[in-house]
Every structure is written in structure tokens, then in C-alpha cells.
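Everything below concerns the one structure shown next.
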Amino acid sequence: MGRNTYGETKLEDLYHKEMIMKKPTDIVRVLEHCLNEDSQKNLMHLNMDTEVYETRRMFSRNWVTPITHKLPQLQSLSIYNRMLTSEDFQAICSGFPQLQMLNISGTRLDNLSGISQLKNLEVLSIGNLKLGSAMDLIDVFNLPRLKVLNMSCELSCRRQNCCDRVQFLPFLECNRTMPELLSLDISFNILPNHWLPKLMERCPKLKQVVCVGETPTLTRGIEVISGHDLKAVNQALKHYLTMENRPMILELLDLATEILEDASEDDIPLVPSDIQDCVEIVCRINDIYQSDYPIHHKSAPTLSFLLKNNCSNKTKVLRCLRFICNFYLDNSYFTEFFPKFE
1 MGRNTYGETK
11 LEDLYHKEMI
21 MKKPTDIVRV
31 LEHCLNEDSQ
41 KNLMHLNMDT
51 EVYETRRMFS
61 RNWVTPITHK
71 LPQLQSLSIY
81 NRMLTSEDFQ
91 AICSGFPQLQ
101 MLNISGTRLD
111 NLSGISQLKN
121 LEVLSIGNLK
131 LGSAMDLIDV
141 FNLPRLKVLN
151 MSCELSCRRQ
161 NCCDRVQFLP
171 FLECNRTMPE
181 LLSLDISFNI
191 LPNHWLPKLM
201 ERCPKLKQVV
211 CVGETPTLTR
221 GIEVISGHDL
231 KAVNQALKHY
241 LTMENRPMIL
251 ELLDLATEIL
261 EDASEDDIPL
271 VPSDIQDCVE
281 IVCRINDIYQ
291 SDYPIHHKSA
301 PTLSFLLKNN
311 CSNKTKVLRC
321 LRFICNFYLD
331 NSYFTEFFPK
341 FE
């Protein structure tokens, strides 16, 4: 259920166990079981993400405060898609002063007041939240070291109507500056007219904007990452692989499949180098996420359409597809939680 490396713990399969147990998980006891006292004291990275909608409430109540006492050196915390109460969020802000990275995307929070206590925070993910006004996120502008801000809205959340894709609008309405921000991800947000000049005024050091789902706007000095064609999808996949943003990797695999399918059915010519780049990055993703069923499930049609579009390295594609098929055959356990792999 857990994977431990020096200073890092990732609870990879926790959400499947939760669905079997059908009751809230005592995450404090789980961590005590996985980590001895020395490991708890030295732990720097903790990942407790989930993706299964029904497990969002399946942590025992008031779980944050005990963990803050056990993990005094924690620098990175990811709780993507975990339901957070405002009390739990305040406990995170006051109890983890060393945090440099925080992912609270999909936690259903509706106000980020108090986050300015995390003075060392450099990377923050706040996508798929319920922020309704500028005042709900204005405290983010009081993070003096923030360099990377992710406000992307993944498809799973859009389907569940748990966010309205307008988080970027109150961000602009705050009319405050982020002097150290280098990278901003606003993928699948609704963007107003003339948004980029306004953004550059507020973020003078900005070097990169990620806006998958929108037509890119070219601006001198700013790298714009989108997903409007296969070359752009490849670039975005490489970016999200570097950022370890698995939910957006899943989004981009769907986009790649759609582009490749349209090209195959309508005889739309694709640039051979773009096809080959797609082969390399999709195979690399499956090599990195070797035990990840959703990644394999999304990758299989992408790889199949790469074959139909006459990719040059068919042996590599077939080898990857064979691995995916064998993984499915060897792990029928996953069929309880995900659609059947065809």
C-alpha cells in the first residue's frame, strides 16, 4: 500500500483499499504502521493523492493535527482530491512551517485564508476548488517565495461539477502582484479577453504559462504551453511529466488520442517527427508509471492510433502495448475500480 524511499512516502494504492473497507481510513495509524519514529521525524515528502470520487471523504475526522506533530520536517505534501475541511486546512497552514510544495487541488476548499503562514512555499496547486471571489484566494498573494502556481481544472472535476472553471477570474480581480512567480498553469480555465497582458503586469518575472484547452497566444519572453496540435501535446506531456502532474498527463493522453484518431480517419497528414516524439513520450510515461492502471488504460488507444498513423518505431509501440496487456491480465483486481480494458 505504501512506497517508502529515503525521506519520502507515497501511499500508492490507498484509495483501492478504502473502497474495499467501506469506512474512513485512520491515516494516522497507517503512517505509524508504515514509518518508524526516526522515519517520521525525517520524512520530507508525503503523497496521499486519490482519484476515485467515492473516497474523498474516507479519512477519519481531525487527521491533520496529529500528523503535524509526527512529521516536523515535512517539506512536500500532496493530498489531491482528498476532501479537506477548513479546520484541516488551517491545521496544515499552522502545523507545517517547512512546507515548500503543497497540492490541495480537488479538495473542495472554498477559502484559502491562512495560507500566508507557509512562508517557505514555492510550489502550490489549487485547481478544482470552490473559490467564489477574489477574497477567497487573495492570501495566496502573501506568499513571498511562490514560484509555481497550478490552477488547472481536470476533466474529472468538470464532469462532477465540483468547480466552475473560473478560478483565474478572481485571481486577476485581486489586483495584487506575485513578484517571484515564474510559472502559472491555468489549463481548462475560462479566460477573459486580454488576459495575458494583465497577467504579465501582476507577475513581472513570469516565464511560462500553461493553458491547455485554449488557443495559444504568442508573447515575446513567455513560453506558452498548450495542446492545440500533436506537437503542442507532446510538449505539454513532457512538461507535466517533469512536474509529476499525473492528472494532467491523463488529460493529455486523451487529447493525443483524439488528434491521432482524427488524423487516421480523415487522412490528415501529421509531421513524422511529431508522431515519433509522441511514441517516445508515451512509452516513457508507461515506463515511469509501470503499476498505474489508469495511465495504461489511457495510453493503449494512443499507442494503437500511433500504429495506424504509420509511426516509424512500431517495435517499441508493440512492446509497450504488450506490457499493458500483460499488466491487465496479471492484475484483474483493478477491474473492480476501473472500466474493463479492451
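In terms of UniProt numbering, the sequence shown opens at residue 1 and continues consecutively.
From the three backbone atoms N, C-alpha and C, an ideal C-beta is built for every residue, glycine too.
Bridge partners - residue i, DSSP secondary structure assignment
{"i": "serine 94", "result": "Serine 94 pairs with nothing; no bridge assigned."}
{"i": "valine 123", "result": "Met101 and Val148"}
{"i": "isoleucine 138", "result": "BP columns for isoleucine 138 are empty, so no partner."}
{"i": "phenylalanine 59", "result": "Thr25"}
{"i": "valine 224", "result": "Val209"}
Local conformation of residue i per DSSP, three classes
{"i": "aspartate 254", "result": "helix"}
{"i": "glutamate 54", "result": "Residue confidence is low: glutamate 54 scores 48 on pLDDT, short of 50, so the model does not pin down where it sits. Its coordinate-derived value is still stated next. Here glutamate 54 sits in helix by DSSP."}
{"i": "histidine 296", "result": "helix"}
{"i": "glutamine 73", "result": "coil"}
{"i": "valine 210", "result": "strand"}
{"i": "leucine 46", "result": "strand"}
{"i": "arginine 246", "result": "helix"}
{"i": "isoleucine 288", "result": "helix"}
{"i": "phenylalanine 327", "result": "helix"}
{"i": "valine 271", "result": "coil"}
{"i": "threonine 219", "result": "strand"}
{"i": "phenylalanine 188", "result": "coil"}
{"i": "aspartate 277", "result": "helix"}
{"i": "aspartate 88", "result": "helix"}
{"i": "arginine 82", "result": "coil"}
{"i": "arginine 108", "result": "coil"}
Given residue i as reference, the closest of the options once Cα atoms are compared
{"i": "leucine 149", "options": "Asp110, Leu230, Cys211 and Thr217", "result": "Cys211"}
{"i": "histidine 239", "options": "Gln208, Gly106, Cys325 and Ile275", "result": "Gln208"}
{"i": "isoleucine 138", "options": "Arg61, Leu169, Pro216 and Glu201", "result": "Leu169"}
{"i": "leucine 230", "options": "Trp63, Ile259, Phe96 and Asn103", "result": "Ile259"}
{"i": "serine 104", "options": "Met83, Asp254 and Gln117", "result": "First, the amino acid is wrong: residue 104 is isoleucine here, not serine. The candidate whose alpha carbon is nearest that of isoleucine 104 is Met83."}
{"i": "serine 187", "options": "Arg220, Met135 and Ile249", "result": "Ile249"}
{"i": "asparagine 142", "options": "Arg176, Asp274, Leu131 and His296", "result": "Arg176"}
{"i": "valine 28", "options": "Met48, Asp262 and Asn42", "result": "Met48"}
{"i": "leucine 218", "options": "His194, Leu241 and Asn234", "result": "His194"}
{"i": "leucine 306", "options": "Leu191, Val271 and Cys325", "result": "Val271"}
{"i": "proline 144", "options": "Ala236, Pro301, Lys119 and Met135", "result": "Lys119"}
{"i": "asparagine 309", "options": "Ser273, Leu172 and Leu181", "result": "Ser273"}
{"i": "aspartate 136", "options": "Ile115, Leu121 and Leu124", "result": "Ile115"}
{"i": "alanine 256", "options": "Asn234, Gln40 and Glu32", "result": "Asn234"}
{"i": "glycine 213", "options": "Glu180, Glu261 and Ser152", "result": "Ser152"}
{"i": "histidine 69", "options": "Ser78, Thr50, Leu31 and Ile79", "result": "Leu31"}
{"i": "aspartate 254", "options": "Asp287, Leu199, His228 and Phe323", "result": "His228"}
Residue range of the beta strand (DSSP E) that includes residue i
{"i": "aspartate 185", "result": "183-185"}
{"i": "serine 78", "result": "76-78"}
{"i": "isoleucine 27", "result": "From DSSP, isoleucine 27 is part of no beta strand (DSSP E) but of the alpha helix (DSSP H) over 27-34."}
Min CB distance residue i to chain D below 8 Å
{"i": "leucine 143", "result": "Structure shown: chain D not included; a single protein chain is present."}
Where the alpha helix (DSSP H) through residue i begins and ends
{"i": "glutamate 173", "result": "168-173"}
{"i": "glutamate 201", "result": "195-202"}
The segment 61-71 touching the segment 88-95, judged by at least three CB pairs closer than 8 Å: yes
Segment contact, 8 Å Cβ cut-off, at least three pairs: the segment 303-319 with the segment 269-288: yes
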